[in-house]
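Colleague: Below are the structure tokens for one structure; questions will follow.
In structure tokens, the structure reads:
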């Protein structure tokens, strides 16, 4: 097998591990599928002269930049481990997810505060903010910094939750509507290219039901989980693929999250 073939095969295995082990897009969190696809597409579109800055909480994954392998074609990829107040408490708490031979372990190049990035202005072609925004106490400062370090004409990809249970308390601060996101983005100067719902309301129903199982006593939980997984969840996921738009009140959609593409004019 030629080196490029081995590299391609390794990337495919890494992608499968992200889909099935870490983000569990086929069984638990389908809202991450559009994010992974967007990052794959960006990586494939690179010409080799771009600088990509990736802002994440990679200390959660034992210091592993999950998306780095997508950007092997970039002139420079900078994985920034954006330390939030919870970092000591949750460092490596999802280590088990990356203890998988398929995962390509790429460590961050630096540790930083996401609201005060150690970069000059207009240095990046892409700024990725893939899975952190609800944990940032000052989101406007985060987006101001992303805007500052982007070159003119550069782009940013942001993944933002709309519906989710409180998690990793007490460092879980916000949920976002598409209108709130647009306001934040435009306030700091971005042009909004797209704000795309990742799933629909039937996925929200499914995820809410799964979360609700944790409120049941263990004995009842096992029985209800079995019924839900076998009979109800497949129907909800099928409906979510078919019916994502509100047919009665237009504009009142209810996705789990949004994937946003922004441009610095």
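In this note's numbering, the protein residues as written are 247 to 511.
Using N, Cα and C, we set each Cβ at its ideal position, and we do this for glycine too.
#1: Could you tell me if residue 291 is buried or exposed, where buried requires 16 or more neighbouring beta carbons within 10 angstroms of its beta carbon?
#2: Straight-line CA distance for residue 475 to residue 458?
#3: Locate the alpha helix (DSSP H) running through residue 457, then write down its first and last residues.
#4: Check residue 292 in the structure and name its three-state DSSP category.
#5: Assign residue 381 to buried or exposed, taking buried as 16 or more other Cβ atoms, counted over all protein chains shown, within 10 Å of its Cβ.
#6: If we count the other Cβ atoms within 10 Å of its Cβ and call it buried at 16 or more, is residue 452 buried or exposed?
#7: In this structure, does DSSP put residue 332 in helix, strand or coil?
#8: Going by DSSP, what residue range makes up the beta strand (DSSP E) through residue 402?
#9: Can you say whether residue 327 is buried or exposed, counting buried as having 16 or more other CB atoms within 10 angstroms of its CB?
#10: Quick check: the Cα distance between residue 430 and residue 386, rounded to an integer number of angstroms?
#11: CA-CA distance, residue 367 and residue 477?
#12: Where residue 347 and residue 261 are concerned, what is the direct C-alpha to C-alpha distance, given to the nearest angstrom?
#13: Taking Cβ positions, are residue 505 and residue 404 nearer each other than 9 Å?
#14: I'd like to know if the segment 440 to 455 and the segment 273 to 289 are in contact, where contact means that at least 3 CB-CB pairs between them fall below 8 Å.
#15: For residue 485, which of 467, 391 and 450 has the nearest alpha-carbon?
#16: Short check: CB of residue 398 to CB of residue 370, under 9 Å?
#17: Residue 428 and residue 407 look like a contact to me (Cβ under 8 Å); what is the Cβ gap, rounded to whole Å?
#18: Identify the residues that DSSP records as bridge partners of residue 326: which are they?
#19: Which of the three DSSP states, helix, strand or coil, is assigned to residue 494?
#20: For a test of the three-state rule: what should DSSP assign to residue 382, helix, strand or coil?
#21: Measure the C-alpha to C-alpha separation of residue 501 and residue 377 and round it to an integer number of angstroms.
Modeller: From the atom records:
#1: exposed
#2: 13 Å
#3: 447 to 459
#4: coil
#5: Residue 381 should be labelled buried.
#6: The residue is buried, with at least 16 neighbouring Cβ atoms inside 10 Å.
#7: coil
#8: 396 to 407
#9: buried
#10: When rounded, the distance between both Cα atoms is 6 Å.
#11: 53 Å
#12: 12 Å
#13: In this structure, residue 404 lies closer than 9 Å to residue 505 by Cβ.
#14: yes
#15: 450
#16: no
#17: Actually they are not in contact, since the Cβ atoms of residue 428 and residue 407 sit about 16 Å apart, beyond 8 Å.
#18: 301 and 356
#19: coil
#20: coil
#21: 16 Å
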